[in-house]
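Data block below; observations after.
2 protein chains.
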Amino acid sequence: MAEALTGEAILAATEEVLRRYGPAKATVVDVAKALGVSHGSVYRHFPTKAALREAVTRRWLDAIHVEMESVLDENASASDNLRAWLQRLFDKKRRSHVDEPELFATFRVLVSESCVIPDYHIGHLVGQVARIISAGVETQEFVTDDVERTAKAVWDATDMFHHPAHAQEWGDPHIQAAFDAVVSLVIAGLRYNRTPSAAGDA
Amino acid sequence: MAEALTGEAILAATEEVLRRYGPAKATVVDVAKALGVSHGSVYRHFPTKAALREAVTRRWLDAIHVEMESVLDENASASDNLRAWLQRLFDKKRRSHVDEPELFATFRVLVSESCVIPDYHIGHLVGQVARIISAGVETQEFVTDDVERTAKAVWDATDMFHHPAHAQEWGDPHIQAAFDAVVSLVIAGLRYNRTPSAAGDA
DNA sequence: GGACTGACAGATATTGAAATCTGTCAGTCC
DNA sequence: GGACTGACAGATTTCAATATCTGTCAGTCC
Numbered sequence: 001m002a003e004a005l006t007g008e009a010i011l012a013a014t015e016e017v018l019r020r021y022g023p024a025k026a027t028v029v030d031v032a033k034a035l036g037v038s039h040g041s042v043y044r045h046f047p048t049k050a051a052l053r054e055a056v057t058r059r060w061l062d063a064i065h066v067e068m069e070s071v072l073d074e075n076a077s078a079s080d081n082l083r084a085w086l087q088r089l090f091d092k093k094r095r096s097h098v099d100e101p102e103l104f105a106t107f108r109v110l111v112s113e114s115c116v117i118p119d120y121h122i123g124h125l126v127g128q129v130a131r132i133i134s135a136g137v138e139t140q141e142f143v144t145d146d147v148e149r150t151a152k153a154v155w156d157a158t159d160m161f162h163h164p165a166h167a168q169e170w171g172d173p174h175i176q177a178a179f180d181a182v183v184s185l186v187i188a189g190l191r192y193n194r195t196p197s198a199a200g201d202a
Numbered sequence: 203m204a205e206a207l208t209g210e211a212i213l214a215a216t217e218e219v220l221r222r223y224g225p226a227k228a229t230v231v232d233v234a235k236a237l238g239v240s241h242g243s244v245y246r247h248f249p250t251k252a253a254l255r256e257a258v259t260r261r262w263l264d265a266i267h268v269e270m271e272s273v274l275d276e277n278a279s280a281s282d283n284l285r286a287w288l289q290r291l292f293d294k295k296r297r298s299h300v301d302e303p304e305l306f307a308t309f310r311v312l313v314s315e316s317c318v319i320p321d322y323h324i325g326h327l328v329g330q331v332a333r334i335i336s337a338g339v340e341t342q343e344f345v346t347d348d349v350e351r352t353a354k355a356v357w358d359a360t361d362m363f364h365h366p367a368h369a370q371e372w373g374d375p376h377i378q379a380a381f382d383a384v385v386s387l388v389i390a391g392l393r394y395n396r397t398p399s400a401a402g403d404a
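Taken in order, these protein sequences are the chains called E and R. Position 170, counted from 1, in the first sequence is what this note's numbering calls 170; the numbers after and before it change by one each time, with no gaps. So the mapping is simple: this note's numbering equals the position in the second sequence, first residue as 1, plus 202.
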């Protein structure tokens with residue numbers, strides 16, 4: 001007998017099968033075949049095909065979360081940190097989409113298959129934005145009375161630069177200019193932001 | 203013989219067929235059947251099925267453009283005008299999506315089928331935003347050195363409240379709060395906005 | 001003579017039978 | 001005894017035959 005079948009080995013094989021066949025064709029039988037076991041064995045470690053795919057997706061997203069953490073620079077201004085963080089996220093997604101379109105599409109499908117994964121991913125990244133904004137509020141660079149709410153607004157306002165539904169627009173030669181314009185507008189807004197109830201005054 | 207077959211009659215029949223059968227099933231033969239003519243006659247007025255669909259779509263979008271014009275109030279502040287305009291657009295799209303999901307989906311498909319229609323639609327609406335911002339700059343309510351560029355940034359920043367790709371999120375009970383937060387952030391940014399080259403200073 | 005028809009060729013969509021896949025579980029093997 | 005197998009039922013997918021649709025055009029009708 002070879003080494004024992006581990007959840008980790010199954011995850012690696014699943015990712016490989018997904019890369020090779022894409023999300024529509026990758027089957028549990030393929031994964032088992034790649035591992036040289038029967039597909040019944042895979043079900044001993046993961047209750048369903050959906051759970052297996054979700055585990056692969058979560059592992060992939062966690063790597064992105066860690067990478068994004070490393071962008072923050074304690075010595076930089078909050079504006080610069082926010083701009084650099086957003087730029088890094090945009091660059092990562094855009095490059096992934098341009099350089100490996102099939103792989104990008106595969107993970108796009110995987111993320112959208114799950115009900116909890118998108119919330120998990122977005123919640124984590126908005127949390128990072130909130131930390132940047134919070135630091136800016138402490139240095140009085142930014143003004144806001146609700147950091148969480150404002151972080152979500154920044155996330156939403158930059159949506160077209162991270163939401164995969166807009167991936168096709170990321171190839172446009174003017175996309176970087178559009179990104180710069182939105183981020184400048186958002187950062188200007190953070191310097192003097194009010195809640196809607198107080199924002200009507202001219 | 204009945205009255206002569208007009209382009210207008212064909213457009214009306216096409217819209218009716220699209221409403222009834224949806225974009226995937228609606229055929230030129232159906233349109234001809236609805237008009238009591240052979241499908242060859244339809245091709246005397248429109249060179250292709252795509253051209254026919256595009257004409258229907260353009261007529262539909264033009265009605266929206268006219269409606270949006272009527273939101274502007276010369277006596278209101280630029281902030282109020284911008285907020286009201288964006289809110290109206292959001293309400294229109296959201297209601298259309300919630301009240302008549304099939305019809306909304308149909309026109310969503312029609313718009314995405316054409317290469318020129320989306321640019322036509324977005325160009326027109328961004329032009330209206332530019333006029334609102336321009337008025338705000340004249341009254342010194344807003345600050346920007348490039349109205350067109352800023353108008354596009356406002357459009358992009360509010361993307362998730364008008365782009366049909368986000369329609370499914372419009373049913374979320376918190377969506378209005380998210381809208382308010384983004385619009386407040388954007389309007390705050392318009393009051394003190396700079397180009398990226400000058401935006402790095404803290 | 002100009003608006004319309006209807007048959008046609010090639011392209012596209014539909015359908016249902018056959019193949020494959022998911023998830024289960026009694027049984028095998030060390 | 002616990003990890004694994006492989007046959008199985010029901011659900012899903014594939015594929016090729018069949019039907020329909022698009023766009024054309026010679027011919028019909030007023």
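Yeah, the Cβ is synthetic: ideal placement off N, Cα and C, and Gly gets one too.
Out of curiosity, what's the CA-to-CA distance linking Ser70 (chain E) and Ala63 (chain E)? The residue given as residue 70 (chain E) occupies position 70 in the first sequence. The residue given as residue 63 (chain E) occupies position 63 in the first sequence. C-alpha separation (whole angstroms): 11 angstroms.
So, under 8 angstroms CB-CB, Ala228 (chain R) and Val219 (chain R) are touching, yes? Tell me the CB distance rounded to an integer number of Å. Locating residue 228 (chain R) in the second sequence gives position 26, counting from the first residue. Locating residue 219 (chain R) in the second sequence gives position 17, counting from the first residue. About 5 angstroms; that satisfies the 8 angstroms criterion.
Quick one: does Tyr394 (chain R) have its CB under 8 angstroms from some CB of chain E? As a first step, residue 394 (chain R) must be located in the second sequence, where it is residue number 192. Yes, contact with chain E.
Along the chain, which unbroken stretches of the alpha helix (DSSP H) at least 4 residues long are found entirely within the stretch 298-377 of chain R? 303-315, 319-340, 349-359
What residues in the stretch 343-354 of chain R have a beta carbon less than 8 angstroms from any beta carbon of chain E? Glu343, Arg351, Thr352, Lys354
Does DSSP put Leu274 (chain R) in a helix, in a strand, or in coil? Position 72 of the second sequence, counted from the first residue, corresponds to residue 274 (chain R). Coil.
How about Ala32 (chain E): is its C-beta nearer than 8 angstroms to some C-beta of chain R? Looking up residue 32 (chain E) in the first sequence gives position 32. Residue contact with chain R for Ala32 (chain E): absent (no Cβ-Cβ distance below 8 angstroms to any residue of chain R).
Would Leu86 (chain E) pass as an interface residue toward chain R - the criterion being a Cβ-Cβ separation below 8 angstroms? Position 86 of the first sequence, counted from the first residue, corresponds to residue 86 (chain E). With 8 angstroms as the cut-off, Leu86 (chain E) does not count as an interface residue toward chain R.
In the DSSP assignment, find the alpha helix (DSSP H) that holds Pro214 (chain E) and state where it starts and stops. Since the first residue shown for chain E is 1 and the last is 202, residue 214 (chain E) is missing from the structure and cannot be characterised.
Taking just the CA atoms, how far does Ala24 (chain E) sit from Phe161 (chain E)? Locating residue 161 (chain E) in the first sequence gives position 161, counting from the first residue. Locating residue 24 (chain E) in the first sequence gives position 24, counting from the first residue. One C-alpha to the other measures close to 26 angstroms.
Look at the alpha carbon of Gln168 (chain E) and the alpha carbon of Ala4 (chain E), and state the distance between them as a whole number of angstroms. In the first sequence, counting from the first residue as 1, residue 168 (chain E) sits at position 168. In the first sequence, counting from the first residue as 1, residue 4 (chain E) sits at position 4. Going by the C-alpha atoms only, they are around 43 angstroms apart.
Note down the Cα distance separating Arg222 (chain R) from His326 (chain R), rounded to an integer number of angstroms. By one-based count along the second sequence, residue 222 (chain R) stands at place 20. By one-based count along the second sequence, residue 326 (chain R) stands at place 124. If you take the alpha carbons of Arg222 (chain R) and His326 (chain R), they lie about 29 angstroms apart.
Name the chain E residues that come within less than 7 angstroms of Gly209 (chain R), Cβ to Cβ? The sequence position of residue 209 (chain R) within the second sequence is 7, counting from 1. For Gly209 (chain R), no chain E residue has a Cβ inside 7 angstroms of its Cβ, as the nearest lies near 33 angstroms away.
Please name the residue, chosen from E:His174, E:Asp30, E:Leu72, E:Val143, that lies closest to Ile187 (chain E) on a Cα-to-Cα basis. For the purposes of this step, residue 187 (chain E) is taken as residue 187 along the first sequence, with counting starting at 1. Of the listed residues, the one whose Cα sits closest to Ile187 (chain E) is E:Val143.
Nearest to Ala181 (chain E) by alpha carbon, out of R:Leu392, R:Ser386, R:His247? Locating residue 181 (chain E) in the first sequence gives position 181, where the first residue counts as 1. Answer by Cα proximity: R:Leu392.
Report the three-state DSSP secondary structure of Thr48 (chain E) (helix, strand or coil). Within the first sequence, the letter at position 48 stands for residue 48 (chain E). Coil.
Span of the alpha helix (DSSP H) holding Val31 (chain E)? One-based indexing of the first sequence puts residue 31 (chain E) at position 31. That run of the alpha helix (DSSP H) goes 28-35.
Ala12 (chain E) to Lys93 (chain E), Cα distance in whole Å? Here the question's residue 12 (chain E) lines up with position 12 in the first sequence. Here the question's residue 93 (chain E) lines up with position 93 in the first sequence. In a straight line, the C-alpha of Ala12 (chain E) is about 22 angstroms away from that of Lys93 (chain E).
So, for Lys152 (chain E): in the same chain, excluding its five sequence neighbours on each side, which residues have a beta-carbon less than 7 angstroms away from its beta-carbon? Reading the first sequence from its first residue, position 152 is the one you call residue 152 (chain E). Excluding sequence neighbours, Lys152 (chain E) sits near Val126.
If contacts are defined as beta-carbon pairs under 8 angstroms, then Ser279 (chain R) and Glu340 (chain R) qualify, I think. What distance do you get, rounded to the angstrom? Sequence index remark: in the second sequence, residue 279 (chain R) carries index 77 (1-based). Sequence index remark: in the second sequence, residue 340 (chain R) carries index 138 (1-based). Actually they are not in contact, since the Cβ atoms of Ser279 (chain R) and Glu340 (chain R) sit about 12 angstroms apart, beyond 8 angstroms.
Would you verify that the beta carbon of Leu82 (chain E) is, or is not, closer than 8 angstroms to some beta carbon of chain R? Working through the first sequence from its first residue, we reach residue 82 (chain E) at position 82. No - not a single Cβ of chain R is within 8 angstroms of the one on Leu82 (chain E).
Buried or exposed, going by whether 16 or more other CB atoms sit within 10 Å of the CB of Thr208 (chain R)? The residue you call residue 208 (chain R) lines up with position 6 of the second sequence. Under this definition Thr208 (chain R) is an exposed residue.
Taking 8 angstroms as the CB-CB limit, is Ala130 (chain E) close to chain R? Along the first sequence, one-based indexing puts residue 130 (chain E) at 130. No, because no Cβ of chain R sits closer than 8 angstroms to the Cβ of Ala130 (chain E).
Under 7 angstroms between beta-carbons, which chain E residues line up against Met362 (chain R)? List them in chain order, please. Start at 1 with the first residue of the second sequence, and residue 362 (chain R) comes out as number 160. Chain E residues near Met362 (chain R): Asp156, Asp159.
Give the C-beta separation of Val420 (chain R) and Trp357 (chain R) to the nearest angstrom, bearing in mind that I take them to be a contact with Cβ-Cβ under 8 angstroms. Coverage of chain R is limited to positions 203 through 404, which leaves residue 420 (chain R) absent and any answer about it impossible.
Using CA atoms only, rank isn't needed, just tell me which of R:Pro320, R:Glu350, R:Val230 is closest to Ala178 (chain E). Against the first sequence, residue 178 (chain E) aligns to sequence position 178. Selected option, being the one with the closest Cα: R:Glu350.
Mind checking whether Thr352 (chain R) and Ile335 (chain R) have CB atoms under 8 angstroms apart? Residue numbering aside, residue 352 (chain R) sits at position 150 when the second sequence is read from its first letter. Residue numbering aside, residue 335 (chain R) sits at position 133 when the second sequence is read from its first letter. Yes, they are a contact pair.
Rounded straight-line distance, which links the Cα of Ala234 (chain R) to that of Arg83 (chain E): As a working note, residue 83 (chain E) is residue 83 in the first sequence. As a working note, residue 234 (chain R) is residue 32 in the second sequence. Each residue's Cα considered, the two are about 56 angstroms apart.
Quick one: what does DSSP say Leu178 (chain E) is sitting in, helix, strand or coil? Here residue 178 (chain E) refers to the residue found at position 178 of the first sequence. Correcting the residue identity first, residue 178 (chain E) is Ala in this sequence and not Leu. Ala178 (chain E): helix per DSSP, three-state reduction.
So, with DSSP's three-state summary, where would you put Tyr245 (chain R)? Walking along the second sequence from the start, residue 245 (chain R) turns up at place 43. Helix, per DSSP.
Residue-chain proximity (Ala383 (chain R), chain E), Cβ-Cβ < 8 angstroms: Here residue 383 (chain R) refers to the residue found at position 181 of the second sequence. So yes, Ala383 (chain R) belongs to the interface.
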